Amino acid sequence: AQSVTQPDIHITVSEGASLELRCNYSYGATPYLFWYVQSPGQGLQLLLKYFSGDTLVQGIKGFEAEFKRSQSSFNLRKPSVHWSDAAEYFCAVDLPNTGTASKLTFGTGTRLQVTL
Amino acid sequence: DGGITQSPKYLFRKEGQNVTLSCEQNLNHDAMYWYRQDPGQGLRLIYYSQIVNDFQKGDIAEGYSVSREKKESFPLTVTSAQKNPTAFYLCASSPRDRATGELFFGEGSRLTVL
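Residue numbers (our numbering), protein chains in the order written: chain A, 2 to 117; chain B, 3 to 116.
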């Protein structure tokens, strides 16, 4: 079955430390890949996306992600975390060639806590 | 400013009552979506609409209904048939060009059924 997995439910890092959030997918073809961030009680904001081409993509707020086809992964990274990065992060996928709507499938999310 | 407006932000209802959540966008987007969010389950697609007067069921449509009479509006009704309606509901929209791939989200409506 098609799926998106975020194995880490909750991660705590110290401010200034590096961060990596994991995302794995299981699809027959390479999907479009996204990372979104959600602050408490708010909607979601797009951090970055991968459709094709360069497998290392840069996003907003200093985040980057690397697509690894061999591992079916799209992990999110940040070299130095700021306290304002505390939020919930969602990996999402969309299959190409499925009409004009983007029917994203989301992972279950990883909640990031930042300690000072 | 362009964006998506959801209302109300908080809503309390008694069991057995139908509830309608509003979603309005001024981004001139063709597609609109409703997602349900529960703790530990991520977001699940309820309904989506690619064009006015057309909508499709998502993964968890049972107990919900929608309409798309105007491009700007995509209200969601949570009916009494929905067995567990307490949740956070998110509306989103996207432009026709899927190459952008981005969904734009509202700030959500939290429904609590007492």
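Note that beta-carbon positions come from the ideal geometry of N, C-alpha and C, so glycine has one too.
Keep in mind the model is a prediction, meaning the values are calculated, not measured.
Check	Outcome
Cutoff 8 Å: lysine 50/A Cβ touching any chain B Cβ	yes
Distance between beta carbons of phenylalanine 68/A and threonine 56/A, contact taken as under 8 Å	4 Å
Under 7 Å from the C-beta of tyrosine 50/B: neighbouring residues of chain A	Ala102, Lys104
Closest by C-alpha distance to tyrosine 26/A, when choosing among Pro8/A, Thr13/A, Gly42/A, Leu20/A	Pro8/A
Expected contact under 8 Å - CB spacing of arginine 70/B and serine 51/B to nearest Å	4 Å
Residue closest to tryptophan 36/A, alpha-carbon to alpha-carbon, out of His83/A, Lys62/A, Leu117/A	Lys62/A
When Gly42/B, Thr22/B, Asp99/B, Asn30/B are compared against tryptophan 36/B, the one with the closest alpha-carbon	Thr22/B
According to DSSP, residues forming a beta bridge with arginine 38/B	Arg46/B, Tyr91/B
Asparagine 30/B vs threonine 81/B beta-carbon contact at 8 Å	no
Environment of tyrosine 91/B [buried if 16+ CB atoms lie within 10 Å]	buried
Cβ shell of leucine 45/A (< 6 Å), same chain only, five flanking positions each side left out	Tyr37, Gln39
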